[in-house]
Every structure is written in structure tokens, then in C-alpha cells.
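Position one of the sequence shown corresponds to residue 49 (this note's numbering), numbered consecutively onward.
To start, the structure under review is shown below, and the notes come after it.
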Amino acid sequence: MRILVVCGAGASSTFVAQRLRTAAAAAGLDWDATAGMESSVSDSGSDLVLVGPHLSDRLEAIRTRAHAPVAVLPHDVFADRDGSRTLVFARSILAAAGDTPKGTP
């Protein structure tokens, strides 16, 4: 499972992606979460795109370039220190989209 976490400059999304990778690994999932900017969505090859809450007004524009489900992260995502809530959120988006998460035990 390849997940792209998008923010304005790629800085805050780096923390979210790192925490999501850690939580996924702890859950036994073979997931790769990377950080990027809006401009990296088209070429990412991601299975899921998670958008920082500060970019919620860009959601439709991002969806038009993504080839995967896209969702805005909750406003408190940066307080999720271990990534566990972000992992639950990502899994719920994938389930709602009808995608079978790769690497799910």
C-alpha cells in the first residue's frame, strides 16, 4: 500500500507520513507512507492520498489529479503522536472506497 500525505510545502506531512509508517509496521502492515506537495499527486502512483486539513479547500483539485481515493485528514492529525489514529482513518477511507488494503494481515 502506497500512501501519499500532502501538505503545502511537504514539511508537516513528513511527520504524519513517518508516524503512519510506524503505526502500520506495528500493526504488521507492509505500507509505505511518503510526504509530498499538491504538485506531486499526479505522479505519485499512490493507492491513497491523504490531504492536510489546511488544504481542504483544494480537495476537488487534488481529486482530479489523483488516481486513488483522496481524503482530508482530521484537524487534530498533528496531535496523533504514534500514528494510530491516522492508521485507523486511512483504513476507513480504503474500506469506504472498497479497496482491499495491500499488506493487511
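Quick reminder that beta carbons are idealized off the backbone N, C-alpha and C, glycines included.
The DSSP assignment places complete beta strand (DSSP E) segments of no fewer than 3 residues inside the stretch 115-149 at 118-120, in order along the chain.
Here A144 is exposed: its Cβ has fewer than 16 other Cβ atoms, across all protein chains shown, within 10 Å. With a contact defined as Cβ atoms closer than 8 Å, L52 and T82 qualify at about 6 Å. Rounded to the nearest whole angstrom, the CA to CA distance from L121 to V99 is 6 Å. Pairing A71 with L135 gives a Cβ-Cβ distance under 9 Å.
Distances from the alpha-carbon of D95 to those of D128, A57, R111 put R111 closest.
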